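First to last, the sequence lines map onto chains L and U.
96 is the number that my numbering gives to position 101 of the first sequence; each next residue is one higher, with no gaps.
92 is the number that my numbering gives to position 97 of the second sequence; each next residue is one higher, with no gaps.
To start, the structure itself, in structure tokens.
Protein chains: 2
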Amino acid sequence: MDYMNEAYKEAKKAYNEDEVPVGCVIVKDHKVIARAHNLKEKNNDAMGHAEILCIKKASKKLNDWYLKDCEVYVTLEPCVMCVGALISARVKKVYFGARDLKAGALGGLFNLLEQKGLNHYFEYEYIHRDECGLILKDYFKEKRISK
Amino acid sequence: MDYMNEAYKEAKKAYNEDEVPVGCVIVKDHKVIARAHNLKEKNNDAMGHAEILCIKKASKKLNDWYLKDCEVYVTLEPCVMCVGALISARVKKVYFGARDLKAGALGGLFNLLEQKGLNHYFEYEYIHRDECGLILKDYFKEKRISK
């Protein structure tokens, strides 16, 4: 299964709900155990990012806050808060499909995991997918036009 | 009103529920608009930190994710994830009552706000309160004895 494409499907849901189109899935033992998309505006929640909502669902599914051996596929490079949450949930690996040079905390703006002394480190990999970035460009372009 | 003491009352609730005793209140226009304490274990939620739960409650109260002019009182220095969430919620100022040298991201382990290019910065102040640190020491001491 193309897990990044599953994350992209979630981003499309966000797009259709007029939210910044970012999607996420969490995989354990080759199964998708949680799916979520950004719902910041709808939920009036600064923490409504796709990764945060997906971590919550995965924890509920596993009945454990510790997301052991879980891999996260997210369409956009995570921000500081989300990298912090991924550390707290102790995920194994994070894949992201587009760079965020303005706010990405896995090398885009800066790399939070270069900080020594954190209580967990996860692996990560940027697997570039045009569609993950394009959907964001389209969204913000439409926003500018509709203003 | 002694807002840090209100946060401490929340930490005591966490203590009584066998959670790491950290408490938080959020203040706007000299009124406490949200109170929360750590519920990580009970909620099986890596994001169950006092600050995160308190931000959620404040957003619900204000019906807005943007916590404009809000001040946060928390008994322990916030971790990376919580500093990230406080940035995302765009709070005005954060006061904390005890240092966290192991995981604090406002100068304890390191200072995340020294990073350039973040999309928001808040003021912060360490107002040392013995009781905020002591309740944590007591909690972990008891944990060790009961093992």
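Even for Gly, the Cβ is constructed at its ideal location relative to N, Cα and C.
These figures come from a predicted structure and were not determined experimentally.
Would you grab the beta carbon distance between residue i and residue j for me? Rounded to a whole angstrom, and I think it's under 8 Å.
i: Leu104 of chain L; j: Leu96 of chain L; result: 7 Å
i: Gly102 of chain U; j: Thr70 of chain U; result: Not really, about 16 Å apart at Cβ, beyond 8 Å.
i: Met(-1) of chain L; j: Lys51 of chain U; result: Their Cβ separation, rounded to whole angstroms, is 29 Å, which puts Met(-1) of chain L and Lys51 of chain U out of contact at 8 Å.
i: Glu109 of chain U; j: Lys87 of chain U; result: In fact, because the Cβ distance is near 19 Å, the residues do not count as touching under 8 Å.
i: Ala53 of chain U; j: Gly18 of chain U; result: Not a contact, Cβ separation roughly 14 Å.
i: Cys127 of chain L; j: Ala6 of chain L; result: 7 Å
i: Tyr90 of chain U; j: Ile122 of chain U; result: 5 Å
i: Leu107 of chain U; j: Ala98 of chain U; result: Not a contact, Cβ separation roughly 11 Å.
Tell me, please, whether the CB atom of residue i is closer than 8 Å to any CB atom in chain L?
i: Lys138 of chain U; result: no
i: Ser83 of chain U; result: yes
i: Ile47 of chain U; result: yes
i: Ala80 of chain U; result: yes
i: Ser141 of chain U; result: no
i: Gly146 of chain U; result: Nothing can be reported for residue 146 of chain U: it is not among the residues displayed for chain U, which extend from -4 to 142.
i: Asn114 of chain U; result: yes
Closest Cβ-Cβ distance between residue i and chain U: below 8 Å?
i: Cys74 of chain L; result: yes
i: Asp133 of chain L; result: no
i: Ala93 of chain L; result: no
So within the segment 79 to 110 of chain U, which uninterrupted beta strand (DSSP E) runs reach at least 3 residues, ignoring any that extend past its ends? 88 to 91
Enumerated in chain order, which unbroken segments of the alpha helix (DSSP H) with a length of 4 residues or greater are wholly contained in the segment 4 to 65 of chain U? 35 to 38 and 45 to 57
Decide yes or no for the touch test of the segment 109 to 128 of chain U against the segment 115 to 124 of chain L: beta carbon pairs closer than 8 Å, at least 3 of them. no
Taking contact to mean 3 or more Cβ pairs, one atom from each stretch, closer than 8 Å, check whether the segment 121 to 134 of chain L and the segment 10 to 26 of chain L are in contact. yes
Is the segment 70 to 83 of chain U in contact with the segment 79 to 90 of chain L, if contact means three or more CB pairs nearer than 8 Å? yes
I'd like the ranges of any beta strand (DSSP E) spanning at least 3 consecutive residues and lying wholly in the segment 111 to 136 of chain U. 118 to 121
Count the CB pairs spanning the segment 18 to 33 of chain L and the segment 21 to 32 of chain U that are closer than 8 Å, and state whether there are at least three. no
If the cut-off is 9 Å on Cβ atoms, which residues from the segment 97 to 109 of chain L count as contacting chain U, listed in chain order? Lys97, Ala98, Ala100, Leu104, Phe105 and Leu107
When you compare the segment 53 to 65 of chain L with the segment 35 to 44 of chain U, are there three or more beta-carbon pairs, one atom per stretch, that lie closer than 8 Å? yes
Using a Cβ-Cβ cut-off of less than 9 Å, list which residues of the segment 29 to 59 of chain L approach chain U; keep chain order. Lys35, Glu36, Asn38, Asn39, Asp40, Ala41, Met42, Gly43, His44, Ile47, Ile50, Lys51, Ser54, Lys55, Leu57, Asn58 and Asp59
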